[in-house]
Amino acid sequence: MQPQAAAPARWQRLWREAVRDPRELLGMLELPEAAVALSDDAAAEFPLRVPRGFVARMRKGDPHDPLLRQVLPLDEELRPMPGFALDAVGDAAAKAGTGVIRKYRGRALLIATGSCAVHCRYCFRRHFPYGQETAAAAGWRQTVDLIRRDASIDEVILSGGDPWSLATDKLAELTRALAEIPHLKRLRVHTRLPVVLPERVDEALVGWIAALPWPLTVVIHANHANEFDAAVDAALARLRDAGAALLNQAVLLRGVNDDVEALAALSERAFAAGVLPYYLHQLDRVQGAGHFEVDDVRARALHAALAARLSGYLVPRLVREVAGDPGKRPL
Ligand code: SF4
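Numbering follows the UniProt record's numbering, in which position 35 of the sequence shown is assigned residue number 35; successive positions increment by one, without gaps.
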């Protein structure tokens with residue numbers, strides 16, 4: 001008799017039910033197609049994907065909703081923009097092995113998987129060749145061996161795609177192998193899942209965290225206060241209770257959060273959910289995302305206004321990633 005495959009977890013079922021048709025999304029939001037410059041070509045290049053729980057946080061009838069703008073494929077993406085490239089942050093040049101990127105001293109970034117629960121139109125990895133370049137696809141062994149051989153690496157960062165889109169038993173397989181490397185001291189996860197699909201933070205994931213031999217930092221990604229709701233708060237509380245330190249990184253995005261009210265509300269809302277603001281990134285200049293760019297003069301002015309208004313610990317660092325730099329460059 002064939003062994004039976006485990007039933008998918010609830011979060012996996014919700015993942016599969018994500019909205020993928022831009023017209024279905026507009027219908028759910030009671031928006032006529034004429035209200036937005038939808039692009040089938042942009043959707044063919046980088047498909048729409050958004051969990052239904054995230055759609056429920058968008059305002060109906062508002063084509064400028066800040067959550068909708070982050071996910072809707074628009075004509076503007078196809079406009080050629082000088083200086084915008086396929087690999088905006090030099091990932092290809094920093095590749096140390098299949099699925100491993102080495103940019104900064106002491107740290108190795110694992111492209112654990114190419115999958116995400118949501119497709120963010122401004123994503124700097126929207127053109128990344130995930131098919132061949134994930135650590136999971138290559139088998140963990142090669143990745144783990146590479147980290148084992150380099151004693152200067154003391155922190156592993158699970159990135160992607162979204163590393164928590166991997167099934168929990170896959171994550172456990174990876175971290176069991178990493179646990180045998182004596183020079184590792186810290187684990188970090190970069191994930192948007194606790195925000196866009198909070199059901200991902202289930203009992204199995206909390207159990208995985210509890211079994212880790214290193215302190216865990218979870219860097220979530222929210223760009224607007226409206227991305228938080230009671231389910232997100234509960235997921236973040238479960239992560240904190242499991243012992244994870246929580247930070248937020250946001251991207252400064254025109255038409256989404258490029259005013260001081262929106263940025264202040266984001267910091268305050270994240271903090272209320274137990275998350276410290278960490279980075280506010282200047283947009284990575286990836287092809288297709290030019291319409292989200294805020295120029296540096298305005299970015300600095302917004303950041304200064306934010307600093308004048310909030311307690312220091314609520315002000316994220318305004319940074320840009322520059323290929324070849326030894327760390328994020330402050331603006
Ligand atoms: S979740 Fe992160 S990696 Fe995935 S599309 Fe959004 S920004 Fe890119």
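Note that CB positions come from ideal geometry on N, CA and C, so glycine has one too.
Alpha helix (DSSP H) containing residue i: first to last residue?
i, result
"I147", "140-149"
"T175", "168-178"
"L193", "193-196"
"A272", "260-272"
"D41", "40-45"
Check each candidate in the options and name the one with the smallest Cα separation from residue i.
i, options, result
"A250", "L216, L263, G97, A242", "L263"
"C120", "V260, E203, A43", "A43"
"A289", "P215, L158, P82, E24", "P82"
"L247", "E268, L86, D259, G207", "E268"
"F84", "C123, A94, A308", "C123"
"V71", "A96, L38, G327", "L38"
"G161", "A211, H127, V55", "H127"
"E173", "R149, I153, D202, L212", "L212"
"R57", "V219, F228, P8, P63", "F228"
"R23", "A307, P73, W15", "P73"
"D41", "V322, L78, D91, V275", "L78"
"V100", "Q142, P51, V118", "Q142"
"A231", "H221, V201, V219", "V201"
"P63", "A235, V36, L280, V50", "V36"
"P198", "V118, K95, D169", "V118"
"V196", "A34, R176, L236", "L236"
"V19", "R102, V50, W11, L26", "V50"
"G327", "L306, V315, A305, Y279", "Y279"
"L14", "L25, L29, F54", "F54"
"L31", "R10, G61, A6, P277", "G61"
What is the DSSP secondary structure of residue i, counted as helix, strand or coil?
i, result
"A34", "helix"
"I209", "helix"
"R186", "strand"
"V50", "strand"
"V294", "coil"
"residue 332", "Residue 332 is absent from the structure shown; the chain starts at 1 and stops at 331."
"M28", "helix"
"A301", "helix"
"D233", "helix"
"A165", "In the sequence under discussion, the amino acid at residue 165 is Ser, which differs from the Ala named in the question. Helix at S165."
"N226", "helix"
"R309", "helix"
"R125", "coil"
"R240", "helix"
"R79", "coil"
"R10", "helix"
"A56", "coil"
"R200", "helix"
"P63", "coil"
Note the first and the last residue of the continuous beta strand (DSSP E) segment covering residue i.
i, result
"L331", "Looking at the DSSP string, L331 is not in any beta strand (DSSP E), and its letter there is neither H nor E."
"S159", "155-159"
"A221", "Sequence check: residue 221 is His here, not Ala. First-last of the beta strand (DSSP E) with H221: 216-221."
Kindly identify the DSSP beta-bridge partner or partners of residue i.
i, result
"I111", "S159"
"A250", "L280"
"R317", "Y279"
"G97", "V100"
"L72", "L72 pairs with nothing; no bridge assigned."
"P286", "The displayed chain sequence assigns Val, not Pro, to residue 286. V286 is bridged to A85."
"A245", "T217"
Report all residues from its chain with a CB closer than 8 Å to the CB of residue i; omit the five preceding and five following residues, and keep chain order.
i, result
"L178", "V144, I147, V156, L184, L187"
"D21", "L48"
"L331", "Q282, D296, A299, R300, H303, L318, V319, R320"
"I209", "L216, L239, A242, G243, A244"
"P163", "L110, A112, T113, L171, V189, H190, T191"
"N223", "P66, Q70, A250, V251, L253, V256, N257, L266"
"P8", "R16"
Relative to ligand 3, is the shortest distance from any of its heavy atoms to the C-beta of residue i smaller than 8 Å?
i, result
"Y122", "Looking at this structure, you won't find ligand 3 anywhere; what it does contain is ligand 1."
For residue i, which residues in the same chain have their Cβ closer than 6 Å to its Cβ, ignoring the five residues on either side in sequence?
i, result
"A225", "A265, L266, R269"
"E76", "H291"
"L158", "L110, A112, V189"
"C116", "G161, D162"
"L68", "M58"
"L25", "V19"
Once the 5 residues before and after residue i are set aside, which same chain residues still bring their CB inside 7 Å of it?
i, result
"D154", "G106, H183, L184, K185, R186"
"K95", "I101"
"A307", "V315"
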